[in-house]
Amino acid sequence: MSTPRVAIDDLTKYYGQTLVLDEVFLDVDEHEVVCLIGASGSGKSTLLRCINQLVPFDHGQIRLDGVAIDDPSFGKTGLRQRIGIVFQAYNLFPHMHVLDNVTLAPRKVHGVGKRDAEARAHELLGLLDMDGFALKYPEQLSGGQQQRVAIVRALATNPDVLLLDEVTAALDPELIGGVLDVIRDLKSQGMTMMIVTHEMGFARDVADRVCFLEEGRILEEAPPEQLLSDPQHPSTRRFLQRIIEAGRL
Amino acid sequence: MSSERAASAEPARRAGPRPPVKATLTPRERYLPLAISVVSTVVVFGVAWRVITSAENWDLIQRQFFDLEAMRASLPQVFSGFLVNMTVWVVSLVVIAVLGIVIAIFRSLTGPWAAPLRVFAVVYIDLLRGTPSILLVLLFGLGVPALQLPGLTSSRLFWGSVALVLGYTAYTSEVYRSGIEAVPDGQRAAAKALGLTQWQTLRYSILPQAVRNVIPALLNLAVALQKDVALLSVIGAREAVREAQIFTARTFNFSSYIVATVLFLLATIPMARLTDWVTRRDQERRLQRTL
């Protein structure tokens with residue numbers, strides 16, 4: 047069996063005295079798309095943030111291609127050069143136009159020349175129908191456009207793994223579709239992704255596997271059609287029931 | 002012209018409710034309030050002027066403070082002093098702006114290895130911000146030249162300016178720090194996640210936003226410094242106030258102080274207006290962003 051791209055092994059994390067991740071085990075293979083679902087506070091976002099070391103964890107280990115993420119061979123920023131993340135609140139740099147937002151990391155972290163970085167940025171922006179906005183500032187864009195720029199910014203460093211943290215949660219309903227289409231395209235290109243989402247229809251579409259989290263544990267893990275249609279764990283059933291009642295499935 | 006074309010290009014567009022018509026004012030409605038304002042202002046100030054100038058000692062006051070001849074005589078001297086004020090002000094502003102940011106960065110650094118810098122910043126700010134400016138000016142402006150340190154200038158003007166710079170740097174760094182802390186956490190997370198180092202995060206993401214946040218507050222400090230340069234007169238630096246003082250001591254006439262006052266106002270009022278304007282523009286910018 048080949049080494050998984052991301053291997054999460056017995057991961058435990060506390061915020062103060064609160065247990066937020068409770069012995070999580072999860073392997074994600076190359077080209078695989080894993081969706082994490084669950085109520086807010088179940089630890090999904092924290093799990094993503096542990097993977098690229100935005101927050102520290104207390105126990106267990108995360109490996110990228112078999113190498114522990116705190117291995118000195120990654121250096122200070124090496125791990126983050128290989129893992130991209132997109133946030134719910136986009137977090138674009140408001141004082142830079144789109145092109146600078148996208149080319150900052152390639153130029154300053156990866157040492158790509160200005161011309162090459164901009165050419166690549168234009169190419170990616172074009173793929174997401176955003177090239178016309180290259181010289182606009184974030185506040186001149188809609189939420190959906192900003193989120194697409196944030197995705198381009200994460201892709202511009204050619205990451206091996208892309209983490210998506212509720213990327214449509216802050217968007218108006220009519221803008222969600224465009225962003226989800228972008229993620230479907232990424233899947234068809236073979237991007238390895240871990241996606242925290244509340245869009246169950248989208249999870250069914252795009253995921254190879256869906257994990258249901260509650261109180262920091264993965265309670266159930268299965269292919270989407272199975273987990274969403276025939277959940278085994280009573281908590282999963284209850285969660286999905288509430289989602290259906292809210293009209294989100 | 003282009004709007005006309007646009008209008009004719011879409012003839013099918015629904016007319017919709019009309020925009021409100023701007024009420025047309027009669028000349029009376031338009032000019033009467035203005036006339037009232039002007040007349041009442043003139044009357045009030047005119048009466049006040051009458052009362053003041055009819056005072057028994059008005060002649061004495063006028064001679065002591067508003068003697069045109071004395072003003073004319075003192076102007077060259079006071080003005081050349083004022084140029085010293087302006088020079089000290091401009092040079093100090095540049096140095097303060099840079100040093101302030103350095104101290105603010107020291108204070109906002111994280112990690113155990115940065116502890117000495119953090120401690121230095123905290124102690125520096127506490128000491129320098131807690132000491133009256135005039136004490137700093139006396140200490141440095143008279144104290145350091147008295148040491149006659151080899152290789153260092155003994156110019157009082159220089160060391161007095163150093164005192165002002167050190168004091169204002171403490172204030173300025175606190176202003177910068179408030180700007181740094183006002184940048185949302187998500188900006189740090191985004192920069193970190195892209196692989197930027199702590200320094201690159203500061204340089205490319207945090208500081209540009211922080212500085213923009215605090216420009217109005219910085220301009221306020223600049224106006225305050227413009228006046229505080231006059232403190233250098235206490236150590237005998239020949240700036241505007243000192244020159245005015247010298248003139249007064251020679252002639253027993255205070256009109257030279259009025260000259261200095263007018264010169265300061267000519268410099269500070271435009272600065273204050275500029276600050277107001279920048280502040281208003283900044284507020285509008287923020288408002289737009291939240292809408």
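If you read the protein sequences in the order shown, they are chains V and W. Using the numbering used here, you'd call the opening residue of the first sequence number 47 and step up by one each time. Using the numbering used here, you'd call the opening residue of the second sequence number 2 and step up by one each time. Ideal Cβ placement from N, Cα and C applies to all residues, glycine included. Values in this document were obtained by computation on a predicted structure and should not be read as measured data.
M240 (chain V) carries a strand assignment under DSSP once its states are collapsed to helix, strand and coil. At least one C-beta of chain W is nearer than 8 Å to the C-beta of L100 (chain V).
Against chain W, the beta carbon of N137 (chain V) has neighbours under 7 Å at G187, Q188, A190 and A191, listed in chain order. Along the region 120-132 of chain V, going in chain order, the ones with a CB nearer than 7 Å to a CB of chain W are K122, T123, R126, Q127 and I131. Flagged as an interface residue toward chain V: L197 (chain W), by a C-beta distance shorter than 8 Å. Per DSSP, L208 (chain W) is not a residue of any beta strand (DSSP E); the alpha helix (DSSP H) it occupies stretches across L208 to D229. If you draw a 10 Å sphere on the C-beta of Y258 (chain W), you find 16 or more other C-beta atoms in it, and that means buried. Contact of V155 (chain V) with chain W is assigned, a C-beta pair being separated by under 8 Å. Residue-level contact by beta carbon holds for P140 (chain V) and chain W, with a gap shorter than 8 Å. By DSSP's assignment, F258 (chain V) forms a beta bridge with V:I83 and V:E266. At a cut-off of 8 Å between beta-carbon atoms, A216 (chain V) makes no contact with chain W. Excluding residues up to 5 positions away in sequence, E240, V242, R243 and Q246 lie with their Cβ nearer than 7 Å to the Cβ of S234 (chain W) in the same chain.
Taking C-beta atoms under 8 Å as the contact rule, L145 (chain V) and Q192 (chain V) fail to qualify, at a distance of about 14 Å. Under the three-state reduction of DSSP, H156 (chain V) is assigned to coil, being neither helix nor strand. Burial of Q201 (chain W) is indicated by the presence of at least 16 other C-beta atoms within 10 angstroms of its C-beta. Bounds of the alpha helix (DSSP H) holding Y172 (chain W) are R157 to E182.
Looking at the DSSP output, Y136 (chain V) bridges to nothing. Assignment of beta-bridge partners to T280 (chain W) by DSSP yields no partner. Residue burial annotation: F248 (chain V) is buried, with at least 16 other C-beta atoms found within 10 angstroms of its C-beta. With at least 16 other beta carbons inside 10 angstroms of its own, T123 (chain V) counts as buried.
A165 (chain V) and H143 (chain V) have their C-alpha atoms spaced approximately 15 Å apart. Of all residues in the region 197-216 of chain W, those with a C-beta nearer than 7 Å to a C-beta of chain V are L197, T198, Q201, Y205, S206, P209, Q210 and R213, reading in chain order. Rounded to whole angstroms, the gap between the alpha carbons of A196 (chain V) and I106 (chain W) is 28 Å.
Under the Cβ criterion of 8 Å, T149 (chain V) is not counted among the residues facing chain W. Looking from the CA of D73 (chain V), the closest CA among V:Q107, V:E261, V:T64 and V:V101 belongs to V:Q107.
Assigned with DSSP and collapsed to three states, L110 (chain V) falls in strand.
Put simply, the CB of A115 (chain W) is far from chain V, with every gap to its CB atoms at 8 Å or more.
For the pair V155 (chain V) and G196 (chain W), the Cα-to-Cα distance works out to about 6 Å. For V22 (chain W), the three-state secondary structure derived from DSSP is coil. Secondary structure of D231 (chain V) (DSSP, three-state): helix.
Here A49 (chain W) is exposed. Its C-beta has fewer than 16 other C-beta atoms within 10 Å. Closer than 8 Å to the CB of A105 (chain W) there is not a single CB belonging to chain V. For T203 (chain V), the residues of chain W that pass the 8 Å Cβ criterion are L195 and G196, in the order they occur in the chain. Ranked by how close their Cα comes to the Cα of A151 (chain V), the residues V:E260, V:I129 and V:V228 have V:I129 in first place. Burial state of D211 (chain V) is buried, judged by a 10 Å Cβ sphere holding 16 or more other Cβ atoms. Spatial neighbours of L267 (chain W) in its own chain (CB-CB distance under 8 Å, excluding positions within 5 residues in sequence) are not present.
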